[in-house]
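Residue numbers (mature numbering (1 follows the signal peptide of the UniProt record, and there is no 0)): -26 to -1, 1 to 335.
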């Protein structure tokens, strides 16, 4: 009897397996799925950057301007475009067509597609200034995509070009060809350790143009940029106790945003209207949200542990933060009003410093 039951069960299992197999075969026949693996450079746009014409300067006995490093204008532009991760850049002479066959970009990486755009330009002398008239050209149709002028130097030093002008050109090319804003004409805020303390400093994205932003003779930590204004929120100890302050990068002035406890880890919302931060003013570290000017402050979390390191969602309606309320630091998500708190990570003993992507892809 037992043997008969086993044979019956085996026949039933076999029938189910055959039916499932037939269904899978039928589904495969109805819709075939293809998986394609792309190379790292598949989404990079091949671009030519040619030598800029300087005939107008030559007629005046002037040489094409170079940067103080000896770097040529075209080379800086090519490097900006390459660092954007949106392009593969080939340097060519003026009017030169790339040779047939395999091309190498400025980093000696192979390019297996024909360049889609060319950057050309002419340097002009205009009432004591050097103007770069840059042109972006479609290589297939030879149509001009845009033509724009960029002032390279001041009247006081016309042959000492400013790197910022080329950074802006690189961003204009990036925006035109990819639809995304570039980041060459941007600066990085960081904390520099000095004999007098730790101060806020700024530097261009390519490592040049370093300048101090504060001289408080104290300690500054955790800088965070306002997305649309020239100011940085950070924690400063210059008043003898920690304060959350906004540093105006134009005037150097400070605005106190929060005090009491240890306000830290500021994070501006993507629209610049709100500022999230952590503070221990209630006894333990909790998450707070206020207007970007420090007004309308409200507390979001109420856990017995440490809540810190907030980061905004792209839509600005949620926050991810670190909390040790379960015994170990893990990531949690809550609505911007503090409700619907959910644990996000469970694996690992220490999950911290989350940074939510600013784009919704």
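For each residue, glycine too, the CB sits at the ideal point set by N, CA and C.
It should be emphasised that the depicted structure is a prediction, and the values quoted were computed from it without experimental measurement.
Exposure of residue i, with buried meaning 16 or more beta-carbon neighbours within 10 Å
| i | result |
| --- | --- |
| residue 201 | exposed |
| residue 333 | exposed |
| residue 4 | Because the pLDDT of residue 4 is 48, which lies under 50, any placement of that residue in the model is unreliable, and the number read from its coordinates should be weighed accordingly. Burial call: exposed. |
| residue 286 | buried |
| residue 320 | exposed |
| residue 70 | exposed |
| residue 336 | The displayed coordinates of the chain run from -26 to 335. Any statement about residue 336 would go beyond what the structure contains. |
| residue 61 | buried |
| residue 84 | exposed |
| residue 327 | exposed |
| residue 160 | exposed |
| residue -25 | The predicted model places residue -25 with a pLDDT of 37, which falls under 50 and marks its position as unreliable; any figure quoted below should be read in that light. It counts as exposed. |
| residue 133 | exposed |
| residue 44 | exposed |
| residue 115 | exposed |
| residue 253 | buried |
| residue 329 | exposed |
| residue 173 | buried |
| residue 11 | Low confidence applies here, because residue 11 scores a pLDDT of 45, under 50, leaving its location unreliable and the question unanswered by this model. |
| residue 229 | exposed |
Candidates the options, of which the one nearest residue i by Cα
| i | options | result |
| --- | --- | --- |
| residue 316 | 203, 324, 248, 304 | 304 |
| residue 275 | 250, 287, 266, 290 | 250 |
| residue 288 | 314, 261, 248, 260 | 248 |
| residue 210 | 62, 191, 72 | 191 |
| residue 331 | 284, 324, 314 | 284 |
| residue 143 | 292, 47, 298 | 47 |
| residue 233 | 108, 31, 134, 256 | 256 |
| residue 76 | 86, 82, 67, 68 | 86 |
| residue 294 | 273, 318, 246, 263 | 318 |
| residue 266 | 158, 17, 93, 218 | 218 |
| residue 34 | 308, 82, 100, 58 | 100 |
| residue 74 | 65, 66, 107, 88 | 88 |
| residue 193 | 169, 203, 183 | 169 |
| residue 151 | 135, 176, 93, 140 | 93 |
| residue 19 | 36, 41, 39, 59 | 59 |
| residue 181 | 141, 148, 107, 147 | 141 |
| residue 324 | 307, 298, 204 | 298 |
| residue 135 | 177, 37, 312 | 37 |
| residue 65 | 40, 57, 25 | 25 |
Residue j beta carbon less than 8 Å from that of residue i
| i | j | result |
| --- | --- | --- |
| residue 279 | residue 310 | no |
| residue 196 | residue 238 | yes |
| residue 296 | residue 282 | yes |
| residue 119 | residue 111 | yes |
| residue 30 | residue 78 | no |
| residue 90 | residue 23 | no |
| residue 207 | residue 220 | yes |
| residue 63 | residue 50 | no |
Where the alpha helix (DSSP H) containing residue i begins and where it ends
| i | result |
| --- | --- |
| residue 152 | 137 to 152 |
| residue 52 | 47 to 57 |
| residue 30 | 29 to 33 |
N- and C-terminal bounds of the beta strand (DSSP E) containing residue i
| i | result |
| --- | --- |
| residue 198 | 194 to 199 |
| residue 228 | 228 to 233 |
| residue 95 | 91 to 100 |
| residue 248 | 248 to 253 |
| residue 106 | 103 to 112 |
| residue 327 | Careful: residue 327 lies outside any beta strand (DSSP E) and carries neither H nor E. |
| residue 286 | 281 to 286 |
| residue 175 | 171 to 178 |
| residue 209 | 205 to 210 |
| residue 308 | 304 to 309 |
| residue 262 | 260 to 265 |
| residue 236 | Unbroken run through residue 236: none, as it is neither H nor E. |
| residue 277 | Segment: none, residue 277 is in no beta strand (DSSP E) and carries neither H nor E. |
| residue 117 | Taken as a continuous stretch (DSSP letters only), residue 117 belongs to no beta strand (DSSP E), as it is neither H nor E. |
| residue 216 | From DSSP, residue 216 is part of no beta strand (DSSP E); its letter is neither H nor E. |
| residue 333 | No beta strand (DSSP E) holds residue 333; DSSP gives it neither H nor E. |
| residue 62 | 61 to 66 |
| residue 24 | 19 to 24 |
| residue 269 | Element bounds for residue 269: n/a, residue is neither H nor E. |
| residue 163 | 161 to 168 |
| residue 292 | 292 to 297 |
Residue-chain proximity (residue i, chain D), Cβ-Cβ < 8 Å
| i | result |
| --- | --- |
| residue 52 | Absent from the structure: chain D. Only one protein chain is present. |
Near the ligand NAD: residue i beta-carbon under 7 Å from a heavy atom
| i | result |
| --- | --- |
| residue 201 | Looking for the ligand NAD in the displayed structure turns up nothing, as the structure carries no ligands at all. |
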